[in-house]
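Q: Right, I'll just put the structure down here and ask away after.
Numbering (UniProt numbering), first residue to last: 1 to 240.
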């Protein structure tokens with residue numbers, strides 16, 4: 001029996017759109033659950049050691065094996081200062097994104113990189129290397145969660161353990177042994193600077209012996225290490 005003022009056509013129209021509302025509700029729920037799961041997964045990285053990254057897995061398949069050894073931050077010697085001086089001098093001062101570097105990169109026609117160490121951790125640990133708008137968007141979201149839930153000391157510790165530092169070589173410890181035959185904690189500041197100098201292209205450059213370019217770049221990084229230490233731009237490494 002129809003209510004007054006209601007027609008059979010109105011009822012049919014409402015029924016017609018119920019599946020759409022049902023799909024929309026489930027879509028919202030799925031997005032919400034994925035967001036919560038992603039937040040918890042990234043947040044857990046504050047304590048959990050990543051078992052393997054996409055890049056490490058790909059290189060392991062390509063080469064048949066890789067060199068990597070996980071180290072706590074206090075065992076990495078001069079490497080933290082070296083990579084900050086080389087890759088992200090404002091690491092202790094920004095919240096994951098270096099706006100000035102991004103602006104400079106855009107003004108440079110994108111010839112220069114603008115990724116902070118936090119962004120590189122987000123990409124290296126949770127994503128893949130191939131550039132795309134999807135990856136960039138996910139990288140930005142993950143970077144924000146990392147900065148919200150991890151201390152700076154944990155961010156640099158993870159970076160120093162997952163960064164590619166040679167062909168089939170990952171992390172500070174494997175790099176120190178591969179390039180100079182010593183433990184990471186025993187690297188001199190200059191040797192650490194040479195390793196940091198090859199980071200933009202670790203498969204195509206050598207930390208030992210050095211080309212003229214790497215030698216010059218290493219000296220510049222070494223000087224930068226002293227400056228940022230003097231200016232207090234390494235103080236965040238004692239957090240957490």
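Cβ coordinates follow ideal geometry from the N, Cα and C atoms, glycine included.
Counting Cβ pairs closer than 8 Å, one from the segment 154-163 and one from the segment 83-95, do we hit at least three?
A: Yes, the segment 154-163 touches the segment 83-95.
Q: Could you say if the segment 134-145 and the segment 220-239 meet the contact criterion of at least three C-beta pairs nearer than 8 Å?
A: Segments in contact, no.
Q: Determine the closest residue to residue 66 out of 146, 52, 137, with distance taken between C-alpha atoms.
A: It is 52 whose Cα lies nearest to the Cα of residue 66.
Q: State buried or exposed for residue 68, treating a residue as buried only when at least 16 other CB atoms are found within 10 Å of its CB.
A: By the 10 Å Cβ count, residue 68 comes out buried.
Q: Please report the distance separating the alpha-carbon of residue 220 from that of residue 196.
A: When rounded, the distance between both Cα atoms is 11 Å.
Q: Cutting at 6 Å between CB atoms, please list the residues of its own chain near residue 111, excluding the five before and the five after it.
A: In this prediction, residue 111 scores a pLDDT of 44, lower than 50, which makes its location untrustworthy; the coordinate-derived value is nonetheless stated afterwards. Excluding positions up to five away in sequence, the list is empty.
Q: Can you name the start and end residues of the beta strand (DSSP E) that residue 166 belongs to?
A: 164-166 is the span of the beta strand (DSSP E), which, as asked, contains residue 166.
Q: Output needed for residue 11: all residues of its chain with C-beta closer than 7 Å, excluding positions within five of it in sequence on either side, in chain order.
A: Reliability fails at residue 11, whose pLDDT of 47 lies under 50, so the model's placement of it is uncertain and the value that follows must be treated cautiously. Counting only Cβ-Cβ distances below 7 Å, and skipping sequence neighbours, we find nothing.
Q: Rounded to a whole number of angstroms, what is the C-alpha to C-alpha distance between residue 152 and residue 164?
A: If I take the Cα positions, the gap works out to 20 Å.
Q: Where does the unbroken alpha helix (DSSP H) through residue 230 begin, and where does it stop?
A: Start and end: 212-230.
Q: Check whether the segment 187-207 touches the segment 171-179, taking contact to mean three or more Cβ pairs, one atom from each stretch, closer than 8 Å.
A: Yes, the segment 187-207 touches the segment 171-179.
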